[in-house]
Ligand code: SAM
Ligand code: SF4
Ligand code: FES
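Numbering (full-length UniProt numbering), first residue to last: 1 to 353.
Here is the structure:
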């Protein structure tokens, strides 16, 4: 048995490894060992979810952002970014279409846009829940005060996606302007968990200045936090940002991490992300074969899609929601899995309900 075969076996059995062992695995895994990792990850995912893949309908409702994250095309300093906001009626129309297409989760994602005050968001969330009581609403709208998170939860939002981006304070400082802090990001994540949301965190793989040491800190923190969902995808440069000349994160590293995360958090909801599909035409399929069990087709109206550009080359910007939905069904089936029309909650949430 090679060192990495032993590490993969131990990870499968005990769900964790010492930091140095995790770093060694990620830094030196070979193609033969990677096949063993993916087989173990698929076996664990199938123990908990069988062959089912959950759909999340992504509604990118605003491209305005008050923040200036150095990696993101929506950052406020990007004067070339095209800005738009969807009205409540437009968002509700996306949900109606999504429901017809079999979506049972809607993800409201956007820049940090103060134009959507708490009252507006609460009204929107309750209208979404009233129109489609069999659907879950997920928010991905960045850092807000605890009292706001409490109000959205009371209005019917049950899940929240907020990537920590990195668990290392030095690295956080290299990716964000000084007014943003890892301490506040984590405050938000702990508040969300405490309120009762199913919470997703995550990182960009291969972001500028990232080391294996940072990634290992992320993995151990996600496990300690008991993340319900983990969103990871490769970093991809956007030409109008300070990181425009940095290389994209490698797909292999992203796939290895999906496999490792599945072994460390066996029940986690793990998407094969759009960024993965952007750096490799079969990236999402490869993600599913490495342990992912969620896909997030785009439900945004077609005329705004090309304006929500976090990075260059983003896929699905010219396609209708129905086309993405059909395309995704075929892609999932091709690798032996099955899209299901279910909410797809985390098992701990279903047990508590
Ligand atoms: N504004 C909210 C926030 O930051 O949490 C939600 C929207 S933000 C665009 C969603 C995610 O996009 C971020 O958490 C980040 O990881 C990812 N992202 C931004 N720029 C990216 C890039 N250049 N490459 C890959 N992912 C990127
Ligand atoms: Fe705004 Fe989110 Fe982009 Fe940061 S990552 S600039 S908060 S949209
Ligand atoms: Fe959007 Fe294939 S998933 S076109």
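Cβ atoms here follow ideal geometry from the backbone N, Cα and C, with glycine treated the same way.
Starting from the C-beta of residue 168, find all residues in its chain whose C-beta is less than 7 Å away, skip the five residues before and the five after it, and write them out in chain order. 214, 217
Proximal residues to residue 339 (C-beta, below 7 Å), its chain only, five neighbours per side dropped: 53, 55, 328, 329, 332
Would you kindly work out how many angstroms separate the C-alpha atoms of residue 153 and residue 146, rounded to a whole number? 11 Å
Which residue marks the beginning of the alpha helix (DSSP H) containing residue 54, and which one marks its end? It is not in any alpha helix (DSSP H) - residue 54 instead sits in the beta strand (DSSP E) that spans 52-55.
Three-way DSSP call (helix, strand, coil) for residue 343 in this model: Coil.
Considering only their Cβ atoms, is the gap separating residue 269 from residue 287 smaller than 7 Å? no
Would the beta-carbon of residue 38 fall within 7 Å of that of residue 289? yes
Would you kindly check if the distance between the Cβ of residue 57 and the Cβ of residue 98 is under 7 Å? yes
Between 50, 4, 11, which lies nearest to residue 30 when the distance is taken from Cα to Cα? 4
Quick check: is any heavy atom of the ligand SF4 less than 6 Å from the C-beta of residue 4? no
Taking the straight line between their C-alpha atoms, what separation do you get for residue 285 and residue 82? 31 Å
Quick test of your reading: residue 334 and residue 41, contact by CB under 8 Å. State the CB separation rounded to the nearest angstrom. About 19 Å separates the two Cβ atoms, so there is no contact after all.
With a threshold of 6 Å, establish whether the CB of residue 184 neighbours any heavy atom of the ligand SF4. A distance criterion of 6 Å places the beta-carbon of residue 184 beyond contact range of the ligand SF4, judged by its closest non-hydrogen atom.
Cβ pair count under 8 Å reaching 3, the region 102-114 against the region 60-77: Enough Cβ pairs lie closer than 8 Å, so yes.
Report the option in 93, 296, 244, 80 whose CA atom is closest to the CA atom of residue 138. 296 is the residue among 93, 296, 244, 80 whose C-alpha sits nearest the C-alpha of residue 138.
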